[in-house]
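> This structure is in structure tokens; I'll ask about it shortly.
Numbering (full-length UniProt numbering), first residue to last: 1 to 242.
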């Protein structure tokens, strides 16, 4: 029933009370009828508005989950790329250390690939969709509380941690390289840094071990994050397919 008709019945009820030509018994019966109609109409109107609001909220929830699923799949793929890239760097560190320990240094290999000592793959992620939904107060629309918890954990804890870890490790590594290698190691006309000539320096050997271990740790954590992300993507799929 439209609001105009509700107002019409309300006015009829008011006029009924003011009507002096009808007995109070008649007024009460007709007034009861008008009130019943008004209550029913209001209930139907509220129910319709609530249903419409619920439908719009579910639509917003679905659009968000669909979009965030795409965002997370991209982040997982970026992590796969980072792991593949860093595997070569980890192999370089391991190989150099093995050559040092075995006293069989392949100078050509070490020097030609010395760029691996500065190779970096920073993790970055797009949190625009999540932050926009969050700042608008719409996270409450996600009915699956476990899914909400997992999505929020990714965007507020797990992924930011990896960003900070990369910035710290790669920043420290670059500083140490410039201090102990970059400013001291010979460089030829092809811009190849001859690190092999510095392997007797304890500071250089320490970097090979220390940052080699950290590169392996970066790889391990990126793999774990990609796994966690894909787990949440699976949860989102299940929620969307309900």
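Backbone N, C-alpha and C fix where the C-beta goes; we use that ideal spot for every residue, glycine too.
Might you give, ordered along the chain, the residues of its own chain that have their beta carbon closer than 6 Å to the beta carbon of residue 166, omitting 5 neighbours on each side?
Taken in chain order, the residues that qualify are 122, 123.
> Quick check on the DSSP output: the alpha helix (DSSP H) that includes residue 106 runs from which residue to which?
No alpha helix (DSSP H) contains residue 106, which DSSP labels as neither H nor E.
> When you compare only the Cα positions, how much space is there between residue 181 and residue 175?
If you take the alpha carbons of residue 181 and residue 175, they lie about 10 Å apart.
> Please report how far the alpha carbon of residue 195 lies from the alpha carbon of residue 74, in whole angstroms.
About 37 Å.
> If you draw a straight line from the alpha carbon of residue 82 to that of residue 222, how long is it in whole angstroms?
Spanning the two alpha carbons is a distance of roughly 8 Å.
> Would you say residue 74 lies against chain D (beta-carbon separation less than 8 Å)?
Absent here is chain D; the protein component of the structure consists of one chain.
> For the alpha helix (DSSP H) that residue 242 lies in, which residues bound it at each end?
Premise fails: residue 242 is in no alpha helix (DSSP H) and is neither H nor E.
> Going by alpha carbons, who is nearest to residue 237 out of 200, 67, 173?
Among 200, 67, 173, the Cα nearest to that of residue 237 belongs to 67.
> What would DSSP say about residue 183, mapped onto helix, strand or coil?
Coil, per DSSP.
> Drop a sphere of 10 angstroms on the beta-carbon of residue 168, count the other beta-carbons inside from all chains shown, and report buried for 16 or more, exposed for fewer.
When all chains shown are included, residue 168 counts as exposed.
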